[in-house]
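Engineer: First the structure, which I've put down as structure tokens, then a few questions once you've had a look.
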Amino acid sequence: MKNNFWKALGPGIMWAGAAVGVSHLVQSTRAGAGYGFDLVLIVILINLFKYPFFEFGPRYAIASGESLVHGYKRLGKWAVWLFMALTLGTMFTIQATVTSVTVGILSSVFPGIMSFQGWIVLVFSLCILIVAIGKYKALDRVVKAIIIILSLSTVVAVLAASAKGFNPNPVFMTKFTWKAADLAFLIALAGWMPSAIDISVWHSIWTIEKIKNTGYKPKLSESLLDFKIGYIGTTILALCFLALGALCMYGTGITFANNGTEFSTQLFNLYTTTIGRWAYPIIALAATATMFSTTLTVMDAYPRVMKPVTQIIIPALDNPKYEKYISYFWLTALISISFLIMTAFAKEMRILVDIATTLSFITAPILGYLNYKAVTGRNISPEYQPGTGLKVMSVIGLIVLFAFAIYFLSSYIFKFF
73 MKNNFWKALG
83 PGIMWAGAAV
93 GVSHLVQSTR
103 AGAGYGFDLV
113 LIVILINLFK
123 YPFFEFGPRY
133 AIASGESLVH
143 GYKRLGKWAV
153 WLFMALTLGT
163 MFTIQATVTS
173 VTVGILSSVF
183 PGIMSFQGWI
193 VLVFSLCILI
203 VAIGKYKALD
213 RVVKAIIIIL
223 SLSTVVAVLA
233 ASAKGFNPNP
243 VFMTKFTWKA
253 ADLAFLIALA
263 GWMPSAIDIS
273 VWHSIWTIEK
283 IKNTGYKPKL
293 SESLLDFKIG
303 YIGTTILALC
313 FLALGALCMY
323 GTGITFANNG
333 TEFSTQLFNL
343 YTTTIGRWAY
353 PIIALAATAT
363 MFSTTLTVMD
373 AYPRVMKPVT
383 QIIIPALDNP
393 KYEKYISYFW
403 LTALISISFL
413 IMTAFAKEMR
423 ILVDIATTLS
433 FITAPILGYL
443 NYKAVTGRNI
453 SPEYQPGTGL
463 KVMSVIGLIV
473 LFAFAIYFLS
483 SYIFKFF
């Protein structure tokens, strides 16, 4: 059992590597800095409500031997069309956002070396090179180490900050309310907490590829344990980043900058002022590596996901000889459009983050519904389908996600009337 688990371990950790990025480094820290500990329970509830829809990724892959994209196909071609529309509506902004944060960190760590656009070209070039030569597996092996370094350093920082106490200045204290501005931030926080539900599709693909690479098909319990380790870990880490923002910035009158470079500098200062300047190289390396791995994962995943989607939508392209060209097409489109978006929001990283995370929140209930229908489909044996408790949890999650999405959209639309 022990040896088999290590064979199964991987996709869940890769999921965590993709999830721990903007949602944690940026959004969770902003939540603590802006509202103290007010949003702790909400962060926990968000992770709880979204849990089933992420869990259905590896569950479906193990049960069916195929990815969720093909699970959507079994629901009907309409589901694939819908998934494609939702993906096209978010993929370019998501890629632009994670790359923008990565570039902001690099600009902070290596100031004055090159322009914002220069860093974008460098990051994209490195990602393209790794994706093109197929060395992404090498990065997979170090993701675990990267996550461990970032996690340990964050926990140490929180403990050090806690030792100094929580003493916000009442003059600068702000409480979370359900007014428009606070609700808008909550929606943005929830969109990528712990990540966008799109990643469940990626997870199903990684699970299938892991089986092909190792020749070992894990039991459902082994695959889900791999996922739960990553999921629980990212939830705890989100709370740590929130605590760090609350302990170090809440009630100080200091707010995070919109500019990516300035934001990253402030983020690093949270660590160095609590742990010490000696920790800067470790923190800088961990944050840079984490965001770069997220950027690379997104760039690798979207063309990989859009390939079967394209072949299902256009059956004439469902031929191995076209697969490479389909991937190149989507990779080129992803890079080109993302570059234009980043250039337009060069000095407004925080706004770009809020746009991307809000879009993900609005699409979350729809993707969650598709995942639920796929994993409870006729092709899935009863022993692999979610139990009654998880089904009830899914329905509650869908109701909550749909309710908030409808409320947010209606509130936004009414502004124009």
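Taking this note's numbering, the leading residue of the sequence shown gets 73, the next gets one more, and so forth. Backbone N, C-alpha and C fix where the C-beta goes; we use that ideal spot for every residue, glycine too. Just so we're clear, the structure is a prediction, and the values are computed from it rather than from any experiment.
(1) Would you call the stretch 369-377 and the stretch 389-405 in contact, with 3 or more CB pairs under 8 Å?
(2) How far does the alpha helix (DSSP H) with Thr-174 in it extend, from its first residue to its last?
(3) Beta-carbon within less than 8 Å of Phe-488's beta-carbon, same chain only, minus the 5 sequence neighbours each way: which residues are those?
(4) Using only CA atoms, which one of Ile-177, Thr-430, Phe-128 and Ile-114 lies nearest to Ile-452?
(5) Flag this pair as touching only if the stretch 139-148 and the stretch 434-453 have three or more C-beta atom pairs under 8 Å; answer yes or no.
(6) Under 8 Å between the Cβ atoms of Phe-164 and Leu-406?
(7) With distances taken between CB atoms, is the gap from Gly-263 to Phe-433 smaller than 8 Å?
(8) Can you tell me the Cα-Cα spacing of Gly-469 and Lys-122, whole angstroms?
(9) For Trp-250, which three-state DSSP category applies?
(10) Tell me, please, whether the stretch 177-185 touches the stretch 461-479 by the rule of three or more beta-carbon pairs shorter than 8 Å.
(11) Return the CA-CA distance between Thr-306 and Ser-408, expressed in angstroms with no decimal places.
(12) Determine the direct distance from the alpha carbon of Ala-256 to that of Ile-423, and round the result to whole angstroms.
(13) Under the rule that 16 or more other beta-carbon atoms within 10 Å means buried, what is Tyr-288, buried or exposed?
(14) Is Ala-268 buried or exposed, if buried means 16 or more other CB atoms sit within 10 Å of its CB?
(15) Would you mind stating whether Pro-130 and Ser-336 have Cβ atoms separated by less than 8 Å?
(16) Just to confirm before moving on: does the CB-CB distance between Gly-89 and Ile-219 stay below 8 Å?
(17) With a CB to CB cut of under 7 Å and the five nearest residues on each side skipped, what residues in its chain are close to Ser-410?
(18) Would you kindly work out how many angstroms separate the C-alpha atoms of Gln-282 and Ala-133, rounded to a whole number?
(19) How far does the alpha helix (DSSP H) with Glu-334 in it extend, from its first residue to its last?
(20) Within the chosen definition, does the stretch 329-344 reach the stretch 192-200 through at least 3 CB pairs nearer than 8 Å?
(21) Inspect the beta-carbon positions of Met-371 and Val-175 and report whether they are closer than 8 Å.
(22) Which whole-angstrom value describes the C-beta separation of Val-98 and Val-425, a residue pair presumed to lie in contact below a C-beta threshold of 8 Å?
(23) May I ask you to report which of helix, strand or coil DSSP gives Gly-469?
(24) Between the C-alpha atoms of Val-472 and Ser-100, what's the straight-line distance to the nearest angstrom?
(25) Measure from the alpha carbon of Asp-298 to the alpha carbon of each residue in Met-265, Leu-439 and Thr-279, then state which is nearest.
(26) Is Phe-488 helix, strand or coil by DSSP?
(27) Let me know if Tyr-107 comes out buried or exposed under the rule of 16 or more other beta-carbons within 10 Å of its beta-carbon.
(28) Where does the unbroken alpha helix (DSSP H) through Pro-240 begin, and where does it stop?
(29) How about the stretch 341-358 and the stretch 225-234: do they share at least three Cβ pairs that are nearer than 8 Å?
(30) Of all the options Asn-241, Met-414 and Asp-270, which has the alpha carbon lying nearest to the alpha carbon of Thr-159?
(31) Within the 8 Å Cβ cut-off, does Gly-459 reach chain B?
(32) Would Ala-318 and Phe-109 qualify as a contact pair, given that the criterion is a beta-carbon distance under 8 Å?
(33) What's the call for Tyr-479, buried or exposed, on a 16-neighbour Cβ count within 10 Å?
(34) If you draw a straight line from the alpha carbon of Ile-413 to that of Gly-461, how long is it in whole angstroms?
(35) Counting only the same chain and skipping the five closest in sequence on each side, list residues whose C-beta sits under 6 Å from that of Leu-439.
Structural biologist: Working from what's here:
(1) yes
(2) In the sequence shown, the residue the question calls residue 174 occupies position 102. Its alpha helix (DSSP H) spans residues 149-181.
(3) Position 416 of the sequence shown holds residue 488. Annotation note: pLDDT 47 at Phe-488 (below 50); position unreliable, no value reported.
(4) The count along the sequence shown starts at 1 and reaches residue 452 at position 380. The shortest Cα separation from Ile-452 among Ile-177, Thr-430, Phe-128 and Ile-114 belongs to Phe-128.
(5) yes
(6) Translated into positions along the sequence shown, residue 164 becomes position 92. Translated into positions along the sequence shown, residue 406 becomes position 334. Yes, they are a contact pair.
(7) Locating residue 263 in the sequence shown gives position 191, where the first residue counts as 1. Locating residue 433 in the sequence shown gives position 361, where the first residue counts as 1. Going by C-beta atoms, Gly-263 is nearer than 8 Å to Phe-433.
(8) The residue given as residue 469 occupies position 397 in the sequence shown. The residue given as residue 122 occupies position 50 in the sequence shown. Distance between the alpha carbons of Gly-469 and Lys-122: 6 Å.
(9) As a working mapping, residue 250 is identified with position 178 in the sequence shown. Trp-250: coil per DSSP, three-state reduction.
(10) no
(11) Taking the first residue of the sequence shown as position 1, residue 306 is located at position 234. Taking the first residue of the sequence shown as position 1, residue 408 is located at position 336. Their backbone Cα atoms lie some 31 Å apart in a straight line.
(12) Translated into the one-based positions of the sequence shown, residue 423 becomes position 351. Translated into the one-based positions of the sequence shown, residue 256 becomes position 184. Spanning the two alpha carbons is a distance of roughly 12 Å.
(13) Position 216 of the sequence shown, counting from 1, holds the residue named residue 288. The residue is exposed, with fewer than 16 neighbouring Cβ atoms inside 10 Å.
(14) Stepping through the sequence shown from its first residue, residue 268 is reached at position 196. With 16 or more other Cβ atoms within 10 Å, it is buried.
(15) Numbered from 1 along the sequence shown, position 58 holds the residue referred to as residue 130. Numbered from 1 along the sequence shown, position 264 holds the residue referred to as residue 336. Not closer than 8 Å, so no.
(16) Against the sequence shown, residue 89 aligns to sequence position 17. Against the sequence shown, residue 219 aligns to sequence position 147. Going by C-beta atoms, Gly-89 is nearer than 8 Å to Ile-219.
(17) Position 338 of the sequence shown, counting from 1, holds the residue named residue 410. Once the five neighbours on either side are set aside, the close Cβ partners of Ser-410 are Phe-164, Gln-167, Ala-168 and Thr-171.
(18) Position 210 of the sequence shown, counted from the first residue, corresponds to residue 282. Position 61 of the sequence shown, counted from the first residue, corresponds to residue 133. According to the sequence displayed, residue 282 carries Lys and not Gln. Looking at the two C-alpha atoms, the distance is approximately 11 Å.
(19) On the sequence shown, residue 334 is found 262 positions in, with the first residue counted as 1. Element bounds for Glu-334: 332-346.
(20) no
(21) Taking the first residue of the sequence shown as position 1, residue 371 is located at position 299. Taking the first residue of the sequence shown as position 1, residue 175 is located at position 103. No, they are not a contact pair.
(22) Taking the sequence shown and counting its residues from 1, one reaches residue 98 at position 26. Taking the sequence shown and counting its residues from 1, one reaches residue 425 at position 353. About 6 Å separates the two Cβ atoms, so the contact holds.
(23) By 1-based counting over the sequence shown, the position of residue 469 is 397. Of the three classes helix, strand and coil, the one that applies to Gly-469 here is helix, per DSSP.
(24) Counted from its first residue, the sequence shown places residue 472 at position 400. Counted from its first residue, the sequence shown places residue 100 at position 28. Cα-Cα distance, rounded: 21 Å.
(25) Translated into positions along the sequence shown, residue 298 becomes position 226. Checked all of Met-265, Leu-439 and Thr-279; the closest Cα to Asp-298 is Thr-279.
(26) Position 416 of the sequence shown holds residue 488. Per-residue confidence for Phe-488 stands at a pLDDT of 47, beneath the threshold of 50, marking its modelled position as unreliable; the derived number appears in the next sentence. Three-state DSSP puts Phe-488 in coil, outside helix and strand.
(27) Taking the first residue of the sequence shown as 1, we reach residue 107 at position 35. The residue is buried, with at least 16 neighbouring Cβ atoms inside 10 Å.
(28) Here residue 240 corresponds to residue number 168 of the sequence shown, with the count starting at 1. Where Pro-240 is concerned, there is no enclosing alpha helix (DSSP H), given that its DSSP letter is neither H nor E.
(29) yes
(30) Here residue 159 refers to the residue found at position 87 of the sequence shown. When each option's Cα is compared against that of Thr-159, the closest is Asp-270.
(31) Checking the listed chains, one finds no chain B in this structure; it contains a single protein chain.
(32) Taking the first residue of the sequence shown as 1, we reach residue 318 at position 246. Taking the first residue of the sequence shown as 1, we reach residue 109 at position 37. Yes, the pair counts as a contact, with Cβ atoms nearer than the cut-off.
(33) Here residue 479 refers to the residue found at position 407 when the sequence shown is read from its first residue. Classification of Tyr-479: exposed, given that the 10 Å Cβ count is below 16.
(34) Translated into the one-based positions of the sequence shown, residue 413 becomes position 341. Translated into the one-based positions of the sequence shown, residue 461 becomes position 389. Cα to Cα, Ile-413 sits roughly 42 Å from Gly-461.
(35) Looking up residue 439 in the sequence shown gives position 367. Excluding sequence neighbours, Leu-439 sits near Ile-269.
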